[in-house]
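Residue numbers (the working numbering): 217 to 785.
Glycine included, each C-beta is placed from N, C-alpha and C at the ideal position.
In what follows, a structure is listed as structure tokens, so that the remarks can point back to it.
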Amino acid sequence: MTHHPLFVAVGRVQRLVVRALTMGLAAGALTGALTGCGGGGGGGGSSSSSGSSSSGSGSTAVQGTLSLGLLGGASRNVDHVWVTVSAVAMHAQTTQAWSSSDSSWTVVQLNTPAVIDLTATAASQSDMSNVVKQLSVSPGTYAQLRLFPLAHDAALHSAASAKGLSYNAQVDYTDAQGHAHSVPLELPSPELGWRIARSFTVSASTAVSLAVEADLQHSLVRLSANDGLDHFTFRPQLQSYNLSTLGAILGVIDVASICGGTGASTAPNCATDIVVSAQRLSADGSRYVSVRQSKVGSDGYFNLYPLPGDAQYDVVITGRRMQTMVVKAVDNLTVLSSPTHPIYPVLAPNASRTVNLASAMSPSSSQLFFGQTLSSGGKPYEVAVGNVDPFTGLMAQDLSLPEGPVSLATYNVRVTDMNFVDTVPQQGSEAFSVQALGTAYDDAGAVSTQVPPARTSSTITVGNPTRQAGLGTGQIQVTVNGTLSSAYDKAQLLISDVNGVVATQGLSGAGSTSITVPAGSQAAALGGTAVYSVALRASGAGGGLKWVRATNVVDLRSSASASVTLTLP
Numbered sequence: 217m218t219h220h221p222l223f224v225a226v227g228r229v230q231r232l233v234v235r236a237l238t239m240g241l242a243a244g245a246l247t248g249a250l251t252g253c254g255g256g257g258g259g260g261g262s263s264s265s266s267g268s269s270s271s272g273s274g275s276t277a278v279q280g281t282l283s284l285g286l287l288g289g290a291s292r293n294v295d296h297v298w299v300t301v302s303a304v305a306m307h308a309q310t311t312q313a314w315s316s317s318d319s320s321w322t323v324v325q326l327n328t329p330a331v332i333d334l335t336a337t338a339a340s341q342s343d344m345s346n347v348v349k350q351l352s353v354s355p356g357t358y359a360q361l362r363l364f365p366l367a368h369d370a371a372l373h374s375a376a377s378a379k380g381l382s383y384n385a386q387v388d389y390t391d392a393q394g395h396a397h398s399v400p401l402e403l404p405s406p407e408l409g410w411r412i413a414r415s416f417t418v419s420a421s422t423a424v425s426l427a428v429e430a431d432l433q434h435s436l437v438r439l440s441a442n443d444g445l446d447h448f449t450f451r452p453q454l455q456s457y458n459l460s461t462l463g464a465i466l467g468v469i470d471v472a473s474i475c476g477g478t479g480a481s482t483a484p485n486c487a488t489d490i491v492v493s494a495q496r497l498s499a500d501g502s503r504y505v506s507v508r509q510s511k512v513g514s515d516g517y518f519n520l521y522p523l524p525g526d527a528q529y530d531v532v533i534t535g536r537r538m539q540t541m542v543v544k545a546v547d548n549l550t551v552l553s554s555p556t557h558p559i560y561p562v563l564a565p566n567a568s569r570t571v572n573l574a575s576a577m578s579p580s581s582s583q584l585f586f587g588q589t590l591s592s593g594g595k596p597y598e599v600a601v602g603n604v605d606p607f608t609g610l611m612a613q614d615l616s617l618p619e620g621p622v623s624l625a626t627y628n629v630r631v632t633d634m635n636f637v638d639t640v641p642q643q644g645s646e647a648f649s650v651q652a653l654g655t656a657y658d659d660a661g662a663v664s665t666q667v668p669p670a671r672t673s674s675t676i677t678v679g680n681p682t683r684q685a686g687l688g689t690g691q692i693q694v695t696v697n698g699t700l701s702s703a704y705d706k707a708q709l710l711i712s713d714v715n716g717v718v719a720t721q722g723l724s725g726a727g728s729t730s731i732t733v734p735a736g737s738q739a740a741a742l743g744g745t746a747v748y749s750v751a752l753r754a755s756g757a758g759g760g761l762k763w764v765r766a767t768n769v770v771d772l773r774s775s776a777s778a779s780v781t782l783t784l785p
């Protein structure tokens, strides 16, 4: 137990906390101590630092340096999520759309792509997977980052092959029968990159270290399929942290309460699929949103690192066959629990509530927020999130929801064991606030209170997101040639932007169709938007899968129409 890497991290932070409290150190001093323990930049593929910048000129003596790490987070029911990042781009304008011919971007092509498992946990800065490390960058203020992953259907890169992968972007999961599977992570618009709206300044002769988190709970989307396998696409939701102001919340769940843990009972008398998240109010103040998540293994450890170091967080713990737990007002450098004083969940052995949608959402690539409010006048905490299959408008897999009251406590650094109190949500017993979130062009749907019956499966009706007022529209005319075949007997058309799938349409064969999408300057001002990739996805019951992508992206920032021709495989 004492050799577990997170135990080492917990012990390190705990010693620092005790020392800080004893010596009366400021939070900044504690942050600096933790950063120093992290190793100041970490391991990873150092070959990525030799990539070339499009800005090209300038002596390295007057350059700054940038190190950039990429990590993911918790995602239930998958073992690994692999991506292969081949390039990084930076721009001074946060809303600038990507174009490979736009010389105002600073572009770094990596000599060796970074192959990263987004499910891996970083216990410190030195554990983080690097995309670039100590890269020479021209001084200035940058407002936008783009990471460019290699497409799952592109030729397998040797860097991915060296990791034993079959695809440049890949999901490994174990099915209900215990069989392991590796399937492609189907990226709808890799040529547009993954956008991170983050302002950072690089000064001459100084080093900047950033971490980018790809939020798997909100990004990984299951797809319905008729070949007996799970399939996945990606709705990129990324955020970045400056590692000079990092925080961390670490802790331990009672192992005897976790399926597979030492001394635990067998299912259903144990909890599983436990995820711990640090949450704070959304930018509009309407609900709590997850900032960082950690999946809890059978050893009970969780590690919410890195966290922005300028805020307190409420920690939310969810899992199957246990009550939801919330710990309020946790400082951003905290050891919340330890092996000798763990958090004890309240088990709910008979809990088996799942939900799906009664009818398809519009847009079909929506996301469902399930929240519970724990005080009068408070805001709902995120206790579950459901990503909708963009091809069906339904969830490809029923979503598990917690049952029973919420175990609520307020953090107190002077109390070793927290006092949790069963709290009935303001929505009512067994009830949730549910809201659908759409694309970047949509306002969220109306909030509704839902009371799905406990211990069974049911369906709910949720209000659709609505298109933002005043957005212009454009038409993408798609001509499809060829015919469906026995290998590929099903095809779907996808229109995607930098934030993921915007629109889909089923195809029955050759023909022409017109898709209406947001266009114009107001749509473009939402952040690299109104630029679209067009593709068709052909699949078959025998496992056949092939993407056909348009050669060029469709730019509707200042145009109202475009045409594309694709051929069925």
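Whole-Å CB distance - residue i paired with residue j, under 8 angstroms assumed
i, j, result
"R414", "R362", "That belief does not hold up - the Cβ atoms of R414 and R362 are roughly 11 angstroms apart, past 8 angstroms."
"V667", "E646", "6 angstroms"
"T300", "N384", "4 angstroms"
"L552", "V543", "7 angstroms"
Under the three-state DSSP convention, the category residue i falls into
i, result
"V769", "coil"
"T461", "helix"
"Q539", "coil"
"S374", "helix"
"Q433", "helix"
"E598", "strand"
"E619", "coil"
"E788", "A question about residue 788 goes unanswered here, because the residues of the chain that appear run from 217 up to 785."
"S481", "coil"
"L408", "helix"
"V663", "coil"
"A472", "helix"
"A313", "coil"
"T632", "coil"
Beta-carbon proximity list for residue i, same chain, < 8 angstroms, skipping 5 on both sides
i, result
"D333", "G288, H296, V297, W298, S345"
"P404", "T449, F450, L710, S712, G716, V717, S749, A751"
"A305", "W314, W321, T322, V323, V324, L361, R362, F364, G409"
"T422", "G280, T281"
Residue i vs residue j beta-carbon contact at 7 angstroms
i, j, result
"V531", "K511", "no"
"T720", "A574", "no"
"A652", "L752", "no"
"V162", "V769", "This structure does not reach residue 162, given that the chain is present from 217 up to 785, and the question cannot be answered."
"G525", "G467", "no"
"V562", "G516", "no"
"S869", "P355", "The chain is shown from 217 up to 785; residue 869 falls before or after that span and cannot be answered."
"Q350", "S283", "yes"
"Y389", "A308", "no"
"A483", "G285", "no"
"A376", "V331", "yes"
"P400", "H434", "no"
"L615", "V571", "yes"
"L624", "V637", "yes"
"P579", "S649", "no"
"G725", "T695", "no"
"G690", "L772", "yes"
"A757", "D443", "yes"
"R292", "D489", "yes"
Residue i - containing alpha helix (DSSP H), residue span
i, result
"L286", "Note, L286: premise wrong, no alpha helix (DSSP H); beta strand (DSSP E) at 280-287."
"A740", "737-740"
Boundaries (first-last residue) of the beta strand (DSSP E) holding residue i
i, result
"S673", "673-676"
"Q583", "583-588"
"A305", "296-307"
"S554", "Careful: S554 lies outside any beta strand (DSSP E) and carries neither H nor E."
"D388", "386-390"
"G716", "716-723"
"A360", "The residue asked about is misnamed: residue 360 is Gln in this sequence, not Ala. Here the beta strand (DSSP E) through Q360 covers 356-365."
"I164", "Examination of residue 164 is not possible in this model, given that the chain is present from 217 through 785 alone."
Close-in-space but distant-in-sequence residues of the same chain around residue i (CB under 6 angstroms, 5 per side omitted)
i, result
"L381", "W298"
"I731", "I692, I711, A719"
"T478", "V471"
Contacts around residue i, its chain only, beta-carbon distance under 7 angstroms, and the 5 residues preceding and following it disregarded
i, result
"Q613", "R438"
"L445", "H397, V399"
"A303", "V323, V324, Q325, L326, F364"
"S582", "V604, A652, L653, G654, P681"
"L497", "Y504, K595"
"E407", "S749, V769"
"P565", "P484, N485, R537"
Residue i: CB within 6 angstroms of a non-hydrogen atom of the ligand GDP
i, result
"P596", "For the ligand GDP, the structure offers nothing, since it holds no ligand at all."
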